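Protein chains: 2
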Amino acid sequence: MRAEQTDTKKQILDAAEALFAREGYQGTSMRAITGSAGVNVAAANYHFGSKEALLEAVFERRLKPLNEARLRRLKEIRDEARRTGRRPDIRGVLRAFIEPAFELRERGGAEFSALAGRAFTDPDGTVQRIFLRLMRPISQSMMELLALALPEVPKETVFWRYQFVIGALARTTRIYGNPRFEAMRPAPEGDIKLVTGLLIDFAETGMMGKSPEGADA
Amino acid sequence: MRAEQTDTKKQILDAAEALFAREGYQGTSMRAITGSAGVNVAAANYHFGSKEALLEAVFERRLKPLNEARLRRLKEIRDEARRTGRRPDIRGVLRAFIEPAFELRERGGAEFSALAGRAFTDPDGTVQRIFLRLMRPISQSMMELLALALPEVPKETVFWRYQFVIGALARTTRIYGNPRFEAMRPAPEGDIKLVTGLLIDFAETGMMGKSPEGADA
DNA sequence: CGTCTTTTCAAACAATTGTTTAAAACATAT
DNA sequence: ATATGTTTTAAACAATTGTTTGAAAAGACG
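Protein chains in written order, with this note's numbering: chain A, 1 to 217; chain B, 218 to 434.
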């Protein structure tokens, strides 16, 4: 049968996504996944082959379209910059990187958003390998465009500022909507659009460098 | 005997610290720790009681003095602000938070620095509980001083900007000196002081808000 | 020396891990 | 209906997990 097959696969994927996001890759057992999905343990290995391959499938399902959206927007910016002969717009570059991560939440990917946020710092070799492979094109394009947008800033500085942005984004996707951090918040959970805007503003000002009182150090 | 006991304990602590930092809490087995320390498996449970308590000891050893240093500096800033009746200096507040994390590296805490950086996003409940307990006073003091320094900025905005700084710091401590990221860097590993300065600049400009082209949104 | 406490160690504990097996259940096509 | 291929399942696999045991070793102290 066909419909049932994909149904089982999808249920395993959904359960794995949620559990990987909440408990981490190493903290999630195959039995926890299949139990939550309501299927037999062997079904996961039958459909995906291994826990590692299952993680890869979880990442590919969401991160591939997400990064394709990012690359599309980055390509537009690069083409426009080449066409007009002007520098790429920093804010546009940062928005191309940040906004798709939050738009994912509105498309049923809320769990995955937290998972991706944590994948940046996951110590597990498998997670790093899979995640880095999917992120490398983005990082390359980001570094290239940011360097073009900030020609007077040393490449190493641009690199680190980009890492700071990644860190801020990763933390945001991790704690937004996480009940564990509810107590820390000064106000009830704000709109996701508001937080996205705050992050983009933060990233833009930080990326452009010290501007209020003086020139670059 | 006394000297030998602390020697074994210290060796276990060091090994645990390095392995927790590199492989994560769940990714590190007691046998890996004791094997790396050159002691028997049972020694760890004898001296610390459990894996959880060992993790707690690892955190306490470094994070307690680190956070005490942070609190001391934050208290100074608060006292000075009260005495002079002026707002706390944003850069001073951020430096009090960021600099001790890097000074730790120069005192044999290089491994721990990465561990603390990752603890912010560790999904394991044990890690979160231990880490949050040690960080709470810092976060409270930081939020209070940042709010005082930016009275015109909504508290929720201050909260998120502070989270962005935490994310940037966590990522930096995680990847600085990490050979896994060597290939991504445009230049050979820069001075730690340089990176610290870049992060503080980034945090300060981001924390103060959009300044280059206009007023607050 | 002998006695008492602290520390170390090999071995075993039950529980859980990811994965495999082989049979059953099901679907589809001839 | 029979045959063929796909999917699901209970059960078992070996390996690893954190922790405990009980005896041996080491140290401290009279």
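For each residue, glycine too, the CB sits at the ideal point set by N, CA and C.
Quick caveat: nothing in here was measured; it's all calculated off a predicted structure.
Simplified DSSP assignment, three categories, for residue i
i: SER50 (chain A); result: coil
i: ARG31 (chain A); result: helix
i: ASN178 (chain A); result: coil
i: ARG278 (chain B); result: helix
i: ASP340 (chain B); result: In the sequence as presented, Asp is not what sits at residue 340 (chain B); that position holds Pro. Here PRO340 (chain B) sits in coil by DSSP.
i: LEU367 (chain B); result: coil
i: GLN243 (chain B); result: coil
i: ARG303 (chain B); result: coil
i: ARG185 (chain A); result: coil
i: GLY407 (chain B); result: coil
i: GLY167 (chain A); result: helix
i: ASN45 (chain A); result: helix
Of the listed residues the options, nearest to residue i (C-alpha basis)
i: GLY309 (chain B); options: B:ILE417, B:THR251 and B:GLY426; result: B:ILE417
i: THR172 (chain A); options: B:SER267, B:ILE383 and B:ALA366; result: B:ILE383
i: GLY49 (chain A); options: A:ILE12, A:GLY197 and A:LEU66; result: A:ILE12
i: ARG185 (chain A); options: B:GLU373, B:ILE347, B:ASP224 and B:LEU332; result: B:GLU373
i: LEU150 (chain A); options: A:GLU23, A:LEU94 and A:GLY27; result: A:LEU94
i: ARG279 (chain B); options: B:ALA259, B:LEU332 and B:GLU293; result: B:LEU332
i: ALA81 (chain A); options: A:TYR162, A:LEU146 and A:PRO137; result: A:LEU146
i: GLY252 (chain B); options: B:TYR263, B:GLN243 and B:LEU236; result: B:LEU236
i: LEU351 (chain B); options: B:VAL275, B:GLY244 and B:ARG304; result: B:VAL275
CA-to-CA distance, residue j to residue i, given in whole angstroms
i: ALA168 (chain A); j: VAL375 (chain B); result: 14 Å
i: GLY423 (chain B); j: ASP306 (chain B); result: 14 Å
i: PRO123 (chain A); j: LEU291 (chain B); result: 32 Å
i: GLU213 (chain A); j: GLY414 (chain B); result: Note on GLU213 (chain A): pLDDT 46, under 50, position unreliable in the model; the coordinate value appears next. Taking the straight line joining both Cα atoms gives about 16 Å.
i: GLY190 (chain A); j: ALA313 (chain B); result: 28 Å
i: ALA432 (chain B); j: GLU361 (chain B); result: Model confidence at ALA432 (chain B) stands at a pLDDT of 39, short of 50, so the residue's coordinates are unreliable; what they give is reported in the following sentence. Approximately 23 Å between the Cα atoms of the pair.
i: ALA37 (chain A); j: LEU54 (chain A); result: 14 Å
i: PHE348 (chain B); j: LEU288 (chain B); result: 16 Å
i: GLU204 (chain A); j: LEU365 (chain B); result: 24 Å
i: LEU66 (chain A); j: GLN140 (chain A); result: 16 Å
i: ASN40 (chain A); j: ARG31 (chain A); result: 8 Å
i: GLU316 (chain B); j: TYR393 (chain B); result: 14 Å
i: PRO179 (chain A); j: MET359 (chain B); result: 21 Å
Beta-carbon proximity of residue i to residue j, cut-off 7 Å
i: ILE250 (chain B); j: ALA238 (chain B); result: no
i: ARG391 (chain B); j: GLY334 (chain B); result: yes
i: ALA69 (chain A); j: PHE120 (chain A); result: no
i: PHE319 (chain B); j: PHE164 (chain A); result: no
i: ARG322 (chain B); j: SER330 (chain B); result: yes
i: THR343 (chain B); j: GLU269 (chain B); result: yes
i: HIS47 (chain A); j: LYS10 (chain A); result: no
Between the stretch 161 to 179 of chain A and chain B, which residues of the former have a C-beta closer than 8 Å to a C-beta of the latter?
-> Residues ARG161, GLN163, PHE164, VAL165, ILE166, GLY167, ALA168, LEU169, ALA170, ARG171, THR172, ARG174 and ILE175.
Selection of the stretch 321 to 336 of chain B by Cβ proximity to chain A, strictly under 8 Å = If the cut-off is 8 Å between Cβ atoms, the stretch 321 to 336 of chain B has GLY334 and ARG335 near chain A.
Listed from N- to C-terminal order along the chain, which residues in the stretch 120 to 143 of chain A have their beta-carbon within a distance smaller than 8 Å of any beta-carbon of chain B?
-> Against chain B - using a Cβ distance shorter than 8 Å - the residues of the stretch 120 to 143 of chain A are PHE120, THR121, ASP122, PRO123, ASP124, GLN128, SER139 and MET143.
Residues of the stretch 4 to 38 of chain A with Cβ closer than 7 Å to any Cβ of chain B, in chain order = So the close ones are ARG22, GLU23, GLY24, GLN26 and GLY27.
Name, going along the chain, the residues of the stretch 69 to 94 of chain A whose beta-carbon falls closer than 9 Å to a beta-carbon of chain B.
-> Answer in chain order: no residues at all.
Name, going along the chain, the residues of the stretch 409 to 423 of chain B whose beta-carbon falls closer than 9 Å to a beta-carbon of chain A.
-> Answer set for the stretch 409 to 423 of chain B: LEU411, VAL412, GLY414, LEU415, LEU416, ASP418, PHE419, ALA420, GLU421, THR422 and GLY423.
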